[in-house]
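Notes follow once the structure below has been shown.
Residue numbers (our numbering), protein chains in the order written: chain A, 19 to 456; chain B, 110 to 336.
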């Protein structure tokens with residue numbers, strides 16, 4: 019708009035200047051009285067095909083292009099007649115026009131020039147279209163080029179992001195392709211070096227777990243076999259030796275459990291765990307687990323009609339339930355019951371006790387490794403057990419696509435309910451059960 | 110003379126302690142510290158059961174197992190450091206009948222040995238009828254399996270497994286049931302024992318082990334002998 023106004027102002031300024039020049043020429047030429055008016059008018063330089071009208075006070079209006087008095091805006095003429103030079107921009111049917119006039123006193127005439135602004139406006143319109151077109155094209159082209167170059171430039175970054183995701187998911191064979199760009203080449207090679215370092219670090223950790231496993235198991239094997247011999251000969255021992263043998267035997271079991279749990283955890287960390295899954299009936303499974311646990315008399319109860327079927331790794335789920343029962347035995351004098359219920363398409367195995375409960379502040383932390391709930395000493399005996407059992411339950415739950423949490427049985431928080439929630443499966447086994455040999 | 114067990118273990122202290130404990134349980138025990146000496150001992154004085162540690166210097170436990178299996182169906186128990194590695198499956202595929210994880214309780218090992226010996230005696234007795242399925246004929250009393258005119262040579266465990274399936278052709282046996290009846294395991298036995306033995310059985314009785322005709326998998330349930 020600014021350009022448009024400026025262009026118009028310039029055109030008008032030029033036209034006014036031309037008009038004054040022409041008026042001056044007319045005054046000089048017409049004072050000679052020898053010249054013919056049409057010739058003089060013809061000879062005037064005109065800007066942008068301006069039309070001219072000479073209006074003598076006592077003669078015929080003279081024009082070259084049929085311009086008549088009525089074409090002159092009346093208010094402009096009023097000013098000119100008073101002897102003032104004036105100009106006016108106006109709008110006519112054929113477009114905008116610019117009229118300028120001056121009274122030439124020496125020859126007693128009014129002189130007008132009218133300049134059509136249609137051309138200027140058309141030029142402006144064309145210019146506007148070109149500008150809009152160009153800017154639209156530039157925008158589209160810019161966006162396109164920007165997208166293209168951004169993609170080209172970001173492609174290595176995108177690849178790196180994908181590679182990082184793959185590596186995070188455990189695929190340590192992922193590498194970035196070599197890049198020709200020196201900056202990218204440096205990034206790529208350090209990325210690949212990092213992956214290689216990470217891979218060897220993880221392999222070292224895995225090997226460490228396996229080495230520790232072997233190193234600890236060998237002495238444990240000797241201990242287990244030797245203690246077995248001592249237990250066989252217990253009756254032949256003096257009383258002090260018998261008690262020492264019992265202590266040795268009990269703590270050997272504890273030591274074995276701890277080593278097993280530690281190795282299980284390190285295997286889980288290494289991501290080296292494969293579930294060995296079976297489909298089985300839950301109530302039967304739980305009764306078997308309880309029977310083999312340290313508290314074999316805990317009742318297993320459900321209100322659900324029909325068979326409750328799970329698909330999972332029986333060894334790991336057994337370990338999980340046994341750990342929950344063990345936890346209840348240590349901290350709450352034993353579980354009072356295991357209650358099983360369906361919740362939507364999931365199965366909840368609740369290990370319930372009527373002990374002191376778990377402080378709400380500890381209910382998440384309790385599943386951390388080696389954490390022992392008991393910021394509040396009144397609730398739990400801090401000195402008992404090593405806190406790997408519950409973290410293993412949490413890991414096993416996660417591996418099975420389930421979860422574990424603990425809540426209280428009463429508003430005051432006494433009694434604890436450990437809920438192991440697992441994805442259940444709906445199976446109609448009636449057909450197959452008939453052909454199953456039992 | 111009592112039941113004779115050969116234990117192959119390179120760790121001196123473990124070997125001594127296990128020997129003491131097994132003798133305490135009432136078995137006669139011979140020791141070997143390497144795979145090579147185990148082969149010598151085996152040929153000099155064939156034992157009733159072999160206990161092999163997988164991690165042996167030189168000739169490893171798998172190799173000992175494979176060599177023994179070439180001309181013996183002696184019950185073999187593998188001793189592995191970890192239960193969840195491929196060692197277990199590899200050991201079973203090399204021909205072991207069962208496995209134990211270190212550290213095991215000698216009482217548990219004794220129970221496993223007794224189950225195995227029972228198995229190898231039962232296998233020859235049995236009060237089952239002869240079963241014929243296609244070209245496959247199972248004669249429990251003679252302890253004989255034939256495929257057409259050829260005798261199929263099975264280990265005691267493989268034979269017992271096949272007999273169990275043949276006791277009710279067409280019925281599906283869950284892994285649990287097979288573990289209990291063939292291996293004497295309770296509910297929590299390792300199902301891989303069954304899976305690997307079924308695989309081994311198939312390579313011996315099936316014309317094409319990749320698409321079994323006789324020993325068929327009932328998906329998610331177990332295995333059956335297709336009548």
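We treat Cβ as the ideally placed atom computed from N, Cα and C, and that holds for glycine.
| Check | Outcome |
| --- | --- |
| Residues near residue 353 of chain A in its chain [Cβ-Cβ closer than 8 Å; skip 5 each side] | 313, 316, 342, 343, 346, 347, 369, 370 and 371 |
| Inside the segment 163–251 of chain B only - beta strand (DSSP E) runs reaching at least 3 residues | 185–189, 207–210, 240–242 and 245–248 |
| Proximity below 8 Å, CB of residue 432 of chain A to CB of residue 374 of chain A | yes |
| Length of the line joining the Cα atoms of residue 30 of chain A and residue 104 of chain A | 12 Å |
| beta-carbon residue 131 of chain B near the ligand ADP non-hydrogen atom, thresh 7 Å | The ligand ADP is not among the ligands present in this structure, which contains no ligands whatsoever. |
| N-terminal and C-terminal residue of the alpha helix (DSSP H) that residue 105 of chain A is part of | Per DSSP, residue 105 of chain A belongs to no alpha helix (DSSP H); it is in the beta strand (DSSP E), 104–110. |
| Member of B/302, B/142, B/267 and B/215 whose CA lies at the smallest distance from the CA of residue 337 of chain B | Nothing can be reported for residue 337 of chain B, as the shown portion of chain B is limited to 110 through 336. |
| Within chain A, partners of residue 127 of chain B - CB distance below 7 Å | 243 |
| Alpha carbon of residue 214 of chain A to alpha carbon of residue 439 of chain A, nearest angstrom | 38 Å |
| Neighbour flag for residue 212 of chain B against chain A, beta carbons, 8 Å | yes |
| Proximity below 8 Å, CB of residue 356 of chain A to CB of residue 300 of chain A | no |
| Euclidean distance between Cα positions of residue 175 of chain B and residue 257 of chain A | 49 Å |
| Within chain A, partners of residue 171 of chain B - CB distance below 8 Å | Going along chain A, no residue has its Cβ under 8 Å from residue 171 of chain B, so there is no contact; the nearest lies around 16 Å. |
| Chain A within 8 Å of residue 133 of chain B, Cβ atoms only | yes |
| CB-CB length for residue 115 of chain B against residue 165 of chain B, believed under 8 Å | Actually they are not in contact, since the Cβ atoms of residue 115 of chain B and residue 165 of chain B sit about 13 Å apart, beyond 8 Å. |
| CB contact below 8 Å: residue 235 of chain A versus chain B | yes |
| Residue interval of the alpha helix (DSSP H) (run including residue 434 of chain A) | Unbroken run through residue 434 of chain A is the beta strand (DSSP E), 434–441; no alpha helix (DSSP H). |
| Member of A/24, A/114 and A/122 whose CA lies at the smallest distance from the CA of residue 71 of chain A | A/122 |
| Residue-level contact to chain A via CB, residue 321 of chain B, 8 Å cutoff | no |
| Own chain partners of residue 124 of chain B with C-beta closer than 6 Å, once the 5 adjacent residues on each side are dropped | 118 and 140 |
| Whole-Å CB distance - residue 385 of chain A paired with residue 406 of chain A, under 8 Å assumed | Not quite, the Cβ-Cβ distance comes to about 11 Å (not below 8 Å), so this is no contact. |
| Contact list for the segment 323–343 of chain A against chain B, Cβ threshold 7 Å | 332, 333 and 336 |
| Residue 333 of chain B - partner residues in DSSP beta bridges | B/325 |
| Residue 120 of chain B at chain A interface by Cβ criterion, 8 Å | yes |
| Straight-line Cα distance separating residue 310 of chain B from residue 277 of chain B | 17 Å |
| Residue 400 of chain A versus residue 333 of chain B - alpha carbon distance | Summary for residue 400 of chain A: the model assigns pLDDT 40, below 50, so the residue's position carries little reliability; its value from the coordinates is reported in the next sentence. The straight-line gap from Cα to Cα measures roughly 53 Å. |
| As assigned by DSSP and simplified to three states, the class of residue 119 of chain B | coil |
| Segment contact, 8 Å Cβ cut-off, at least three pairs: the segment 86–94 of chain A with the segment 137–144 of chain A | no |
| Near-chain B residues of the segment 271–283 of chain A (beta-carbon distance less than 8 Å), N- to C-terminal order | 274 and 281 |
| Residues that residue 306 of chain A contacts on chain B, provided the C-beta gap is smaller than 9 Å | 295, 296 and 297 |
| Residue 223 of chain B vs residue 269 of chain B beta-carbon contact at 8 Å | no |
| Proximal residues of chain A, C-beta to C-beta of residue 300 of chain B below 7 Å | 294 and 296 |
| Rounded straight-line distance, which links the Cα of residue 380 of chain A to that of residue 393 of chain A | Only weak support exists for where residue 393 of chain A lies, its pLDDT of 47 falling under 50; the value from the coordinates is given anyway. Spanning the two alpha carbons is a distance of roughly 8 Å. |
| C-beta neighbour in chain A for residue 216 of chain B, strict 8 Å | yes |
| Cβ-Cβ distance between residue 156 of chain B and residue 242 of chain A below 8 Å | no |
| Closer than 8 Å to chain A by CB, residue 190 of chain B | yes |
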